[in-house]
Structure formats: C-alpha cells, structure tokens
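Novice: Numbered by my numbering, the letters in the sequence shown go through residues 176 to 497 in order. Note that beta-carbon positions come from the ideal geometry of N, C-alpha and C, so glycine has one too.
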Amino acid sequence: MNKIVISNLMRAKNKQSFFALHQVQSKIKTLYPDVQIDFHILWDSENELSLKDEDIWSNLIDTEIKNLHSYNKTFFDNYVEEYYGLDYKDKFKLWKPIYFILMAHYLRRVKLEHYYLIYDDDVLINDDFKHITDLLIDKIPFGITEPANSGCDKVLFQKLVGLYGMDFQNVYLTRNPKALGFNAGFQGMDLSIYDNFLSTDRFELLLNIFEYQSIYDENGNEIWDNRRFFIDTQQQSFMGLMNTSVSKKDIHILDPEKYFVVPNFGPHPKYGQLDPDDEPDGGWRWGLDSKITHFIGHTRGKGKPKQFLNKVDQYLLENKFM
C-alpha cells in the first residue's frame, strides 16, 4: 500500500488546524482512496499567540483525521535525552524551530520513514493536488519557490559547505542552478538527509549547526531588526539546502509560474505595489494566483488575515462542518 507521511508543528487543535488537516486529507483521498496518510503533529500549547484547543474542533480532529500521531515538545526533549544522553532543553526553549528538525530526525531514526510532506496550517490548496500527490507517492523531494525572496533559505549555506565541503555547493548549483529559495512550510522532504546525523557525535553536530537565539531581547521585547531574519530562517535554510544537495534524488522544483509563495507587500510587475492595507484582498492578489497559497509573514500578534480566514470558513461551510 502506498503511504504518505505529513508532519508539522501546529499551535492548537482549533478551527485552523482542523481545516488544514482535513483539506489535505480530502484532496489526497479524492484522488487515491487507498493511499494511507499518516499525520505526525507536534501540538505546541505554549505558542506565542496563546492559542488553545477548542473542543468542537479538537473533537473533529480526533474523529475525522485518520492515523493522527500527536506529540508535544516534552516528548522530543526526552527523545534527545533518552536516545543520546544530551540535555539541550534550555537551548530548545530559546529557539522553537529546532523541534521541526527533531521531529524529522525521529521520523527517520525511530519510525524508519523515508520521506514526508512538511505542511503548515495556513496553506490553501487551489487545485486538484494531483501533481503534488504523485510526487508524494513517488517520494520525490520538491520545493515551492519564494520569487520575492530567493535568499529565504541561504543563511546556513556557508556553514553547510564548511561541513560537507565544496561538493555540497556543486551539487546544489547543479540541481538548483538559479539558486531559487524554497519555502519551509510546504516541501516534500527526503528524510535520508538525516542519515549522517544518527550516531551520538553526529547528532550533537547536527544540534550545533544552529544558533539558539530567542526572538525576544533581554528586556522581553520582540526583535524586529536584521537579527530576526537569521533567527527565523535557520530551519528553512537547513531544510531547503539539505533537501537540494544531500537528498538521494534530484529535487523537483515546482513550476514557478504556477506554484509560488509570496508576501502581501512590495512591488510586483503585474499588480504594482502590494499593500496589506488594501481592500478587499489585503495585498494577497498575487499570492492567490498560485496553486498553493501560503499566508506567510509576521502578523505581530494580529493572527492570520481575513482573506485566509474567510477561505477557511468557506471550506468548512461547504463541507458542512459549520
């Protein structure tokens, strides 16, 4: 039986996460009813937006989403300590994205998985999903580009070249000659990239690739200067670069004319200056042209834009969950 593994960190069992899980499950099952879908989700109850589980949506997740494996951060703290005798809990508290790396490592080392889709809960699937589902079934690594930010996954490039040598750079430029940047929230990942980090000494080397810096300064104020880009994109950089250079198969770059992830601000040759305060689209008119729309960007505590929330409600109404 073909199996598709989907994994990510989600903040709570709420309307948004139910929508995300049901959407991708429904798309795949409509195409291939016999495909098994396994979800591995880390529920982050200590999230920065103070989001909590909501009973109605939590119950729907438990009943409607099949083969759901749930985790919390303590599980992965213990995984590191029990399997490797390392205590990095204080560092992990400073930089939460390390849990994306730990989950993937666990899927490879313990669950013996070969491949998974990392899938954020603020993604709209705007087509039948067949092209991507076929890639998932064939376990072909793929990335969706960020055309407005090709540097989105490059902050660890020199560090990884230093670790692997110039072959890393040569393979990268052969497989991705335009050095396109890949989004971290929607990517088909080859889990063999973790095979170099299974022993204790190599696993500690993996952990030490990253810098454990909080997004809050010593006074508790959120950081918004140039430090924030490095802090936020280390995980994205590791995944995008490793999935390109170290994966067993060449990465498939989704057609940038049809699949792309863009913000809702800045200049655009067709739409002009995009502005998040524009009505009614909030600057998302470019992003909504993509077959996959990822509502990226810092909301500074405001939550997701109404353009996304309205689509979520529309989906749930059409499927009779509201």
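Which residues does DSSP pair with His197 in a beta bridge?
Specialist: If you number the sequence shown from 1, residue 197 lands on position 22. His197 is not bridged to any residue.
Novice: Which residue from Phe251, Gln489, Trp461, His215 puts its Cα closest to that of Ile236?
Specialist: Locating residue 236 in the sequence shown gives position 61, counting from the first residue. Among Phe251, Gln489, Trp461, His215, the Cα nearest to that of Ile236 belongs to His215.
Novice: With a cut-off of 8 angstroms, do at least 3 Cβ pairs link the region 390-398 to the region 350-370?
Specialist: no
Novice: Grab me the residues of Lys268's own chain with a C-beta within less than 7 angstroms of its C-beta, minus the 5 sequence neighbours each way, in chain order.
Specialist: For the purposes of this step, residue 268 is taken as residue 93 along the sequence shown, with counting starting at 1. Closer than 7 angstroms at Cβ, skipping near neighbours: no residue.
Novice: Which residue's Cα is closest to the Cα of Asp407: Thr419, Leu217, Val421, Phe385?
Specialist: Here residue 407 corresponds to residue number 232 of the sequence shown, with the count starting at 1. Nearest option by C-alpha distance: Phe385.
Novice: Note the first and the last residue of the continuous alpha helix (DSSP H) segment covering Asp365.
Specialist: Taking the first residue of the sequence shown as 1, we reach residue 365 at position 190. Run containing Asp365: none in the alpha helix (DSSP H); it sits in the beta strand (DSSP E), 357-365.
Novice: Would you check if the distance between the CB atom of Lys466 and the CB atom of Asp295 is smaller than 8 angstroms?
Specialist: Numbered from its first residue, the sequence shown carries residue 466 at position 291. Numbered from its first residue, the sequence shown carries residue 295 at position 120. Going by C-beta atoms, Lys466 is not nearer than 8 angstroms to Asp295.
Novice: If we count Cβ pairs, one from each stretch, closer than 8 angstroms, do we get three or more for the region 430-449 versus the region 321-339?
Specialist: yes
Novice: With distance defined between alpha-carbon atoms, name the residue in Phe357, Met176, Thr349, Asp456 nearest to Leu484.
Specialist: Counting from one through the sequence shown, the residue named residue 484 turns up at place 309. Here the closest residue by C-alpha is Asp456.
Novice: Closer than 7 angstroms by C-beta to Val346: which residues in its own chain qualify, once you throw out the five before and the five after it? Chain order, please.
Specialist: For this step, residue 346 is matched to residue 171 along the sequence shown. The residues are Ser420.
Novice: Can you give me the C-alpha to C-alpha distance between Phe118 and Leu243, rounded to a whole angstrom?
Specialist: Outside the displayed range of the chain (176 to 497) lies residue 118, so it cannot be described from this structure.
Novice: In the DSSP assignment, find the beta strand (DSSP E) that holds Trp218 and state where it starts and stops.
Specialist: Working through the sequence shown from its first residue, we reach residue 218 at position 43. 211-218 is the extent of the beta strand (DSSP E) around Trp218.
Novice: With a threshold of 6 angstroms on Cβ separation, who are the neighbours of Lys266 within its own chain once the five nearest residues in sequence on each side are excluded?
Specialist: Looking up residue 266 in the sequence shown gives position 91. Within the same chain, Cβ atoms closer than 6 angstroms to the Cβ of Lys266 are found at Tyr387, the five residues on either side in sequence being excluded.
Novice: Please classify Ile319: does DSSP put it in a helix, a strand, or coil?
Specialist: Against the sequence shown, residue 319 aligns to sequence position 144. In the structure shown, Ile319 sits in a strand (DSSP, three-state: E or B).
Novice: Pull up the distance between the alpha-carbon of Ser233 and that of Phe194, whole angstroms please.
Specialist: Position 58 of the sequence shown, counted from the first residue, corresponds to residue 233. Position 19 of the sequence shown, counted from the first residue, corresponds to residue 194. Approximately 11 angstroms between the Cα atoms of the pair.
Novice: How is Val421 classed by DSSP in three states: helix, strand or coil?
Specialist: Taking the first residue of the sequence shown as position 1, residue 421 is located at position 246. DSSP places Val421 in coil when its eight states are reduced to three.
Novice: Which term fits Gly447, buried or exposed, when burial requires 16 or more other beta carbons within 10 angstroms of its beta carbon?
Specialist: Position 272 of the sequence shown, counting from 1, holds the residue named residue 447. Result: exposed.
Novice: With DSSP run on the structure shown, which of helix, strand or coil describes Phe435?
Specialist: Here the question's residue 435 lines up with position 260 in the sequence shown. Three-state DSSP puts Phe435 in a strand.
Novice: Helix, strand or coil, according to DSSP, for Gly478 in the structure here?
Specialist: If you number the sequence shown from 1, residue 478 lands on position 303. Three-state DSSP puts Gly478 in coil, outside helix and strand.
Novice: Please list, in chain order, all residues of the same chain as Pro442 whose beta carbon is under 7 angstroms from its beta carbon, the five residues on each side excluded.
Specialist: If you number the sequence shown from 1, residue 442 lands on position 267. Cβ within range, chain order: Gln448.
Novice: Express the C-alpha separation of Lys424 and Gly318 in angstroms, rounding to a whole number.
Specialist: In the sequence shown, the residue the question calls residue 318 occupies position 143. In the sequence shown, the residue the question calls residue 424 occupies position 249. Spanning the two alpha carbons is a distance of roughly 13 angstroms.
Novice: From Ile315, Arg186, Lys314, Gly337, pick the residue whose C-alpha is nearest to that of Ser220; which is it?
Specialist: Walking along the sequence shown from the start, residue 220 turns up at place 45. Of the listed residues, the one whose Cα sits closest to Ser220 is Arg186.
Novice: Taking all protein chains shown into account, decide if Pro272 is buried (16 or more other Cβ within 10 angstroms of its Cβ) or exposed.
Specialist: As a first step, residue 272 is located in the sequence shown; it is residue number 97 there, counting from the start. Its Cβ being crowded by 16 or more others within 10 Å, Pro272 is buried.
Novice: Using the C-alpha atoms, what's the distance from Asp342 back to Lys227?
Specialist: If you number the sequence shown from 1, residue 227 lands on position 52. If you number the sequence shown from 1, residue 342 lands on position 167. Rounded to whole angstroms, Lys227 to Asp342 spans 46 angstroms at the Cα level.
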